[in-house]
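Undergrad:
Residue numbers (this note's numbering): 770 to 1102.
(1) Could you give the distance in angstroms between the alpha-carbon of residue 934 and the alpha-carbon of residue 834?
(2) So is residue 806 buried or exposed if we call it buried at 16+ other beta carbons inside 10 Å?
(3) Along the chain, where does the alpha helix (DSSP H) containing residue 851 start, and where does it finish?
(4) Go to residue 795, then tell me how far its beta strand (DSSP E) extends in each direction, as first and last residue.
(5) Is residue 929 helix, strand or coil when you go by DSSP?
(6) Please state the DSSP three-state secondary structure of residue 823.
(7) Per DSSP, what kind of secondary structure is residue 939 in: helix, strand or coil?
(8) Give me the residue from 1024, 968 and 994 with the minimum Cα distance to residue 1072.
(9) Which first and last residues belong to the alpha helix (DSSP H) in which residue 952 is found?
(10) Within 10 angstroms of the Cβ of residue 1094, are there 16 or more other Cβ atoms? Answer buried if so, exposed if not.
(11) Give, in chain order, every unbroken run of the alpha helix (DSSP H) that is at least 4 residues long and sits entirely within the stretch 1006 to 1087.
(12) Using the C-alpha atoms, what's the distance from residue 775 back to residue 1006?
(13) Looking only at its own chain, which residues have a Cβ that is under 7 Å from the Cβ of residue 882, when we skip the five neighbours before and after it?
(14) Measuring alpha carbon to alpha carbon, tell me which of 778, 812, 983 and 926 ends up nearest residue 948.
(15) Helix, strand or coil for residue 906, going by three-state DSSP, please let me know.
(16) Please go through the same chain and pick out, in chain order, the residues whose beta-carbon is closer than 6 Å to the beta-carbon of residue 780, but skip the five residues on each side of it.
(17) Check whether the Cβ atoms of residue 840 and residue 783 sit closer than 7 Å, and answer yes or no.
(18) Can you pull the DSSP bridge partners for residue 974?
(19) Name the residue from 820, 990, 808 and 962 whose alpha carbon lies nearest to the alpha carbon of residue 875.
(20) Between residue 965 and the ligand FAD, is the CB less than 6 Å from at least one heavy atom?
(21) Relative to the alpha-carbon of residue 1058, which residue among 1097, 888, 872 and 918 has its alpha-carbon at the smallest distance?
(22) Could you check whether the stretch 914 to 927 touches the stretch 858 to 873, counting it as contact only if at least three pairs of C-beta atoms, one from each stretch, sit closer than 8 Å?
(23) What's the gap between the Cα of residue 1025 and the Cα of residue 892?
(24) Would you mind sorting residue 1009 into buried or exposed? The rule is 16 or more other CB atoms within 10 Å of its CB.
(25) Thinking C-alpha only, which one of 894, 909, 773 and 906 is nearest residue 972?
(26) Which partner residues does residue 879 have in the DSSP bridge list?
(27) Got a sec? Which residues, its chain only, sit under 7 Å from residue 912 by beta carbon, not counting five neighbours each side?
(28) Would you report the Cα separation of residue 820 and residue 970, rounded to the nearest angstrom?
(29) Please report the straight-line C-alpha distance between residue 878 and residue 953, rounded to a whole angstrom.
(30) Using 7 Å as the threshold, is the C-beta distance between residue 796 and residue 772 below it?
(31) Rounded to the nearest angstrom, how far is the Cβ of residue 859 from that of residue 788, given a contact under 8 Å?
(32) Identify whether residue 990 lies in helix, strand or coil by the three-state DSSP scheme.
(33) Do you know offhand how far residue 1027's Cα is from residue 818's?
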């Protein structure tokens, strides 16, 4: 089975690549020429250079492939030029869908996000069917992924065989950039977290997310969504686990929401003045923290047999990888 994978140089995409290779697939990857090759180094893959925003490049890469895993996305909570976010996440998905129609692919797995899903007002975990609209999307990342998912659902209605997976918050090894969650872990390891916001996340091992992609291709129903998640934890609970893994003290100061948002706007304003600087606390991140991002992965566990590696182990793997790859500047007292 020949499969095209986009986003292979990224965190989730790299994990999906390793899972595909272990499963014996013939893998072709679409990679930007300037992308970091860490996650595809020494991998038995066929590399096509190009960008998902280039329809011709997408068509060339997809020719002869029976499956498509569209993982590529721009995942940032702050961008200097919002058009880049929509070009990558929306136009890129549109190009992938158009090529998949033209190439008559047998199955496509689209990597969405729990960011596109609704969260009940009563505080219970969200599911694949929790009501949600574009107006509920906070920030350009969530909006762009929501719009892209709508394109995918329309393509399904037109007959394209696509299964949607919605990863929650993956953690683990090889988060190069790192992702916003990975940056939080790195900041903790480097003693840069002086306080925390009262929020919560659904964490999942990135390798379980990768396995979920292959299981969705094997067992998933066309047009269905599957939350690839695991444990709902408050931020203090996450920090306590990190403290237990590292023997570093967890921050005790709870930052009031209004103070965090004010500081974030100041930080973002400074970033606008200096092109080389990005805000350490994006305002969108603070706004998102107002709701606990808790989700229910029952459907994927039941229908796909999604693995549920203990989140403590996933965090341990992340800590070890960051320490071994130069992200930790030194022990703190």
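Beta carbons are placed, not taken as given, at the ideal position from N, Cα and C, and that holds for glycine.
TA: Per the coordinate set shown:
(1) 20 Å
(2) exposed
(3) 851 to 855
(4) 795 to 800
(5) coil
(6) coil
(7) strand
(8) 994
(9) 949 to 958
(10) exposed
(11) 1026 to 1042, 1052 to 1057 and 1067 to 1073
(12) 34 Å
(13) 914, 935 and 936
(14) 778
(15) coil
(16) 944 and 948
(17) no
(18) 940
(19) 990
(20) No copy of the ligand FAD occurs in the structure displayed, which carries no ligand at all.
(21) 888
(22) yes
(23) 20 Å
(24) exposed
(25) 894
(26) 839 and 933
(27) 903 and 906
(28) 31 Å
(29) 29 Å
(30) yes
(31) At roughly 26 Å, the Cβ-Cβ gap does not stay under 8 Å, so residue 859 and residue 788 are not in contact.
(32) coil
(33) 45 Å
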